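Okay, structure first, notes after.
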Amino acid sequence: MKVIIAKDYEDMSTKAFELVKRVVTENPEAVLGLATGSTPLGLYAKMAEDHRENGTSYRRVRTVNLDEYEGLDITSDQSYVYFMRKNLFDHLDIDLENTNIENGRAENAEAECARYNALLEVMRQDIQILGIGSNGHIAFNEPGTPFEAETHVVELTESTIKDNSRLFARVEDVPRRAYTMGPKNIMNARKILILANGANKAKAVCGLVKGKVTEALPASVLQRHPDCTLVCDEAAASLL
Ligand code: PGA
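Sequential numbering of the sequence shown, starting at 347, is according to the working numbering.
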């Protein structure tokens with residue numbers, strides 16, 4: 347794994363942006379694997395700024411998102427489909443038809459997982475952007491998830507519900523279940539870019555880079571990926 351330590355959040359976002367821009371410039375039809383959460387917001391702002399100022403086009407770019415809460419869709423401003431539009435897609439020339447995410451309101455969860463897995467088979471990510479949870483999760487793959495798992499519905503852990511509750515009015519409002527790509531779908535990406543900032547991520551980042559590869563720390567599977575780059579700030583790198 348390549349490790350790039352950035353000075354701060356701004357510097358982390360700039361370095362991440364440079365990697366993503368290279369992928370889009372080399373292949374205007376690239377498949378971008380996208381993540382939600384607060385970590386990639388700086389990267390998304392830089393993509394929007396670059397599109398506005400330099401005209402970098404996303405017209406033919408295609409996207410697949412990692413995860414979505416069960417029970418939420420675009421009509422909820424807490425859904426990830428809403429998040430992606432507000433924080434990225436609305437600021438690019440991307441065709442929304444080319445953007446993909448699990449349908450949180452699907453009637454048949456099993457069929458929805460199968461649909462998404464089939465889609466990922468034909469839309470292999472040229473780059474997959476990831477954050478990391480304080481417990482080492484990637485997407486909503488919580489500790490204990492088999493590395494071989496594909497898209498599935500998960501029960502969120504108390505730690506993740508607590509981490510994400512800051513984005514909801516009340517902790518009771520955080521959905522208890524979510525759809526997520528599995529580690530196998532993530533590992534299938536041609537290139538992986540994982541971002542981390544802040545001291546609360548330091549322990550997970552240490553496990554990601556230096557720990558044993560174990561399903562107890564889902565992010566550790568990335569040690570087995572041939573082209574994975576971690577960009578983190580000094581606080582998140584403090585235990586390395
Ligand atoms: P965060 O979430 O970017 O909001 O810290 C990361 C994650 O849980 O994957």
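Virtual Cβ for every residue (Gly too), placed ideally from N, Cα, C. Computed from a prediction, not measured in an experiment: that's the story for all the values here.
In the structure shown, V559 adopts coil according to DSSP, grouped into three states.
In this structure, V577 places its C-beta atom within 8 Å of the C-beta atom of A362. Where A524 is concerned, there is no enclosing alpha helix (DSSP H), although the beta strand (DSSP E) around it starts and stops at R523 to T526.
According to the DSSP secondary-structure assignment, D413 is paired through a beta bridge with T526.
Of the candidates A381, E443, G388 and E414, the residue whose Cα lies closest to the Cα of R522 is E414.
Looking at the DSSP output, I538 sits in a beta bridge with Q474 and C574.
Annotation for A545: A581 place their beta carbon closer than 6 Å to its own, counting only its chain and skipping 5 residues before and after. Contact check for G477 against L563 fails: the beta carbons are separated by 8 Å or more. What you get when you keep residues with a C-beta closer than 5 Å to any heavy atom of the ligand PGA is G383, S384, T385, G477 and G479.
Straight-line measurement puts the Cα of I532 at about 19 Å from the Cα of K558. In this model, C574 and T360 are separated by some 17 Å (Cα to Cα). Taking the C-beta atoms as reference points, L541 is found no nearer than 8 Å to M430. The C-beta distance from H397 to Y390 rounds to 11 Å, too long to fall under 8 Å, and the pair is not in contact. As far as DSSP is concerned, D509 takes part in no beta bridge.
Counting C-beta pairs closer than 8 Å gives fewer than three between the stretch 363-373 and the stretch 501-520, which falls short of the contact rule. Cβ-Cβ separation between V555 and L586: approximately 6 Å, consistent with a contact (criterion under 8 Å).
Here K547 has I478, S480 and A582 as same chain residues with Cβ atoms under 7 Å from its own Cβ, once five neighbours each way along the sequence are excluded. Residue pairing from DSSP places E501 in a beta bridge opposite R523. Excluding five sequence positions before and after V500, the CB atoms of its chain that fall closer than 7 Å to its own CB belong to F486, E488, R523, A524 and T526, given in chain order. Per DSSP, reduced to three states, the secondary structure at V468 is helical.
DSSP places I532 within a helical segment (H, G or I) once states are collapsed to three. By the criterion of a C-beta distance shorter than 7 Å, Y355 is surrounded in its chain by G388, N543 and D579, once the five residues flanking it on both sides are discounted. Only exposed fits G401, as fewer than 16 other CB atoms lie within 10 angstroms of its CB.
In this structure, the CA atom of E494 is about 7 Å from the CA atom of P529. Annotation for D509: G479 and S480 place their beta carbon closer than 8 Å to its own, counting only its chain and skipping 5 residues before and after.
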